[in-house]
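Residue numbers for the sequence shown follow my numbering, so the first one is 1 and each next one is one higher.
Think of the CB as a built atom: it goes at the ideal place given N, C-alpha and C, for glycine as much as any other residue.
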Amino acid sequence: MVLQHLFHAGPSSRADLARSTGLTRVTISDLVAELMAAELVEEAGTATSTRVGKPATLVRMRTDEFAILAVDVADDLEMRGALLNLTGEILERRSAPQHGQRGEETITTLLALCRELLAATALPVIGVGVASPGVIDSHGVVLQAPNRGWFEVPLAARLEAELDLPAHVANDANTSALAEYTLGGAEGQGLLALTVRHGVGAGLVLHGELVRGPGHAAGELGHVTVIDEHAGEDPVRCACGRDGCLETILSAPALRARVAGLAPQDSDAALASVGRRLGVVLAPVVSALDLEEVLLCGPQELLAGPLAEAALDTIRERTMPVSSTGLEIRMAALGPDVALQGAAVLVLSGQLGVT
Ligand SMILES: [Zn+2]
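And the structure:
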């Protein structure tokens, strides 16, 4: 609670901390002493106060004196890693090609990238966070990630054993939602982050909490059928083995293929038609969960504009005003690093309780 307050409010007095956490001054002093001994917080001058009496000493989180190692393995071409400070700012980047890699080969690439980054910093590293495709449980076991060839892979445990660091692994849509909430300024009361990459996924944050679901598969909207052969349409086979999933028309490669070679006007119409399908999928989700923010994480040139506008119009047509009047659809604030920064948030949250 103390770190959570300092992370979001910046340098604060012990009295501020007591007020915001509801803990007593004595407890706060003990906790601050403990955090100072762990070198996570330090005293940072005094507050300028208009009140009479001794000015209060401020304490701050030492966000630049530690690093987090984060890797995003959800891209199809390139594995991207970074060292970040405790405010989520990227200090160093490294990447490794992973095109066509599967199974153990991908894990070897991941470990090599982690070791390369660890060698690039003198700062103490508090943990490693990984954004991965697939269905992942709360212990960092990848239950299934078909396009990585991972089934029941205890990825967090492997990383902990090999790197001797605490490790946290989550789905890349979930890390994107966390990043927008913790670092990107999203409200996070009713937030859905839609990731449009090699695959399509969604991460949900409700009342500031990531929704995982009992089967760890909350947000798997990419594999909802949208192209129906019974309605005379021509569905395409999806990576999941089924036909006509949302992913088959909305993934980044599918969108690129759809607009390739089209004149701007035709390209806009093609993107709007995908946006309407997306709106049909999202309308019941928006209504069921009373969402207020839908954030699009992926190529801006494809998602912003006609696609997002058509999705919002479709949701409005299909839902009661009470559900969609306040709804906003916008591009993620953090841009292409959103899943990677979210992997760092996994560590902030898992190791320090900061969300
Ligand atoms: Zn599918």
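Please report the distance separating the alpha-carbon of residue i from that of residue j.
i	j	result
proline 375	alanine 15	One cannot answer for residue 375 here, as it falls past the ends of the chain, which runs 1 to 355.
glycine 88	aspartate 313	34 Å
glycine 81	alanine 67	13 Å
alanine 47	alanine 186	29 Å
alanine 217	glutamine 144	10 Å
glycine 241	glutamate 160	33 Å
glutamate 116	arginine 94	8 Å
glycine 335	leucine 183	12 Å
methionine 36	leucine 91	24 Å
proline 154	alanine 270	41 Å
alanine 252	leucine 303	9 Å
glutamine 4	glycine 53	28 Å
serine 132	valine 142	8 Å
glycine 232	leucine 192	31 Å
valine 354	serine 20	15 Å
valine 285	arginine 148	28 Å
leucine 17	isoleucine 28	7 Å
threonine 325	glycine 203	22 Å
proline 321	arginine 256	33 Å
valine 26	phenylalanine 7	21 Å
alanine 156	isoleucine 107	11 Å
alanine 409	serine 176	Coverage of the chain is limited to positions 1 through 355, which leaves residue 409 absent and any answer about it impossible.
arginine 158	histidine 139	12 Å
alanine 33	glutamine 98	45 Å
methionine 1	glutamate 65	20 Å
alanine 119	aspartate 72	18 Å
aspartate 30	threonine 24	10 Å
Beta carbon of residue i: closer than 7 Å to some heavy atom of ligand 1?
i	result
histidine 8	no
cysteine 245	yes
alanine 239	yes
histidine 198	no
arginine 277	no
arginine 242	yes
histidine 230	no
histidine 223	yes
If contacts are defined as beta-carbon pairs under 8 Å, then residue i and residue j qualify, I think. What distance do you get, rounded to the angstrom?
i	j	result
valine 347	glycine 127	4 Å
alanine 272	arginine 318	With 8 Å as the limit, alanine 272 and arginine 318 do not qualify as a contact, their Cβ atoms being about 16 Å apart.
asparagine 85	threonine 63	5 Å
valine 259	serine 267	4 Å
asparagine 171	glycine 134	7 Å
isoleucine 315	arginine 277	Their Cβ separation, rounded to whole angstroms, is 12 Å, which puts isoleucine 315 and arginine 277 out of contact at 8 Å.
valine 205	leucine 178	7 Å
cysteine 114	leucine 77	That belief does not hold up - the Cβ atoms of cysteine 114 and leucine 77 are roughly 19 Å apart, past 8 Å.
arginine 254	proline 146	Per the sequence shown, the amino acid found at residue 254 is alanine instead of arginine. At roughly 17 Å, the Cβ-Cβ gap does not stay under 8 Å, so alanine 254 and proline 146 are not in contact.
For residue i, which option in the options has the closest C-alpha, if you only look at C-alpha atoms?
i	options	result
histidine 168	Pro146, His198, Asp137, Asp268	Asp137
glutamate 180	Gly275, Gly53, Gln351, Arg330	Arg330
serine 287	Leu327, Ile227, Leu91	Leu327
alanine 56	Pro11, Ala270, Ala343	Pro11
leucine 165	Asn147, Ser13, Val130	Val130
valine 345	Leu83, Gly45, Gly103, Gln189	Leu83
valine 280	Gln265, Ala310, Gly305	Ala310
glycine 201	Ala70, Asp75, Gln341	Asp75
alanine 343	Leu69, Gln101, Ala257, Arg158	Leu69
glutamine 265	Pro214, Gln98, Gly305, His207	Gly305
leucine 291	Asp234, His207, Gly261, Gly215	His207
glycine 190	Glu293, Leu262, Arg158	Glu293
phenylalanine 151	Glu104, Gly188, Ala119	Glu104
lysine 289	Ala263, Gly350, Gly188	The residue asked about is misnamed: residue 289 is leucine in this sequence, not lysine. Looking at the Cα atoms, Gly188 is the closest of the given residues.
glutamate 209	Ser13, Ala333, Ser349	Ser349
Report task. Take every Cβ of the segment 216–223, pair it with every Cβ of the segment 237–256, and state whether three or more of those distances are shorter than 8 Å. Result -> yes
Requested in this report: Count the C-beta pairs between the segment 54–61 and the segment 35–46 that are closer than 8 Å, then say yes if the count reaches three, no if not.
Outcome: yes
Query raised in the report: Does the pairing of the segment 183–202 with the segment 293–309 give three or more beta-carbon distances under 8 Å?
Result: yes
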